[in-house]
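Residue numbers (our numbering): 3 to 213. By construction, the Cβ of each residue, glycine as well, lies at the ideal position given by its N, Cα and C atoms. Just so you know, these numbers come straight off a predicted model, no measurement behind them.
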Ligand SMILES: Cc1cc2nc3c(=O)[nH]c(=O)nc-3n(C[C@H](O)[C@H](O)[C@H](O)COP(=O)(O)O)c2cc1C
């Protein structure tokens, strides 16, 4: 560590070599994919949203006070739904539910209704229920923090369970291995597009949070 490492300077983007080195760390583990659903309100018929997320983690070790952490991009339709209702549901998916990844992870609910052909079934908290996952959690937001590109939510888990079709959860690495060429190209394109949007949002956030 250098002498000036403690100076409160705003962080700068990494150069290519450092970014590559950091990226290698992320390739050492393989996070599960979560389907995140939320609705404008718990009322049946209210607008529904949903997206795929890897930025999800268990956030409490207390058995009867479970919490989850989720980071959702502020540009997403699903983010708008969570902001409106302060609730969301989380689902783990089996490899056989790849179609749910394409449905919820490629397009935006701002452009298409991802539920157009699905019944309006809800969880006890009023979040959209989706058939096909291996497990579900109903979550109520307790705290939200904006990081510019995302809102990071700490949420109380109010219910959930593993479903009868228990299987290994689909992971980010598993998705890339299973994705046909056209879908893989689309995932790469969206990743690059969203990275550009997030970079600008992080820079704007840093500019407004540092002197
Ligand atoms: C493998 C994978 C992981 C993703 N992880 C996240 C994530 O952690 N947080 C997030 O906000 N979006 C994530 N996304 C992007 C959203 O799922 C995607 O942009 C979605 O189309 C947004 O839909 P919406 O605008 O209808 O909410 C991920 C997508 C994929 C395919």
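DSSP places residue 80 within a helical segment (H, G or I) once states are collapsed to three.
Under DSSP, the beta-bridge partners assigned to residue 54 are 37.
Distances from the CA of residue 47 to each of 128, 143, 198 were compared; the closest alpha carbon is that of 128. For residue 156, the shortest C-beta to heavy atom distance toward ligand 1 is 7 Å or greater.
Sorting 77, 59, 24 by C-alpha distance to the C-alpha of residue 153 places 77 at the top. The distance from the Cβ of residue 74 to that of residue 155 is about 7 Å, consistent with a contact at the 8 Å cut-off. Taking C-beta atoms as the reference points, residue 108 and residue 172 fail to come closer than 8 Å. Under the three-state reduction of DSSP output, residue 183 falls in the helix class.
Between the alpha carbons of residue 30 and residue 45 lies a gap of roughly 42 Å.
Annotation: the continuous alpha helix (DSSP H) that includes residue 100 extends over 100 to 107. Beta bridge pairing from DSSP links residue 71 with 59, 156.
A straight-line Cα-Cα distance of about 15 Å links residue 180 and residue 105.
Using a Cβ distance threshold of 8 Å, residue 150 and residue 204 count as a contacting pair. Bridge pairing for residue 47: absent [DSSP]. Sequence-distant partners of residue 160 (beyond 5 residues in either direction) whose C-beta falls short of 8 Å from its own C-beta, in its chain, are 126, 127, 140, 141, 142.
Of the other Cβ atoms in all chains shown, fewer than 16 fall within 10 Å of the Cβ of residue 24; this residue is therefore exposed. At least one heavy atom of ligand 1 sits closer than 7 Å to the Cβ of residue 35. Annotation for residue 169: no beta strand (DSSP E) segment contains it, and DSSP assigns it neither H nor E. For residue 12 and residue 136, the gap between their C-alpha atoms comes out near 42 Å.
When the five nearest sequence neighbours on each side are left out, the beta carbons in the same chain lying within less than 6 Å of the beta carbon of residue 55 are those of 36, 38, in order along the chain. In the three-state reduction of the DSSP assignment, residue 143 falls in the strand class. Counting the other Cβ atoms within 10 Å of the Cβ of residue 212 gives fewer than 16, which makes it exposed.
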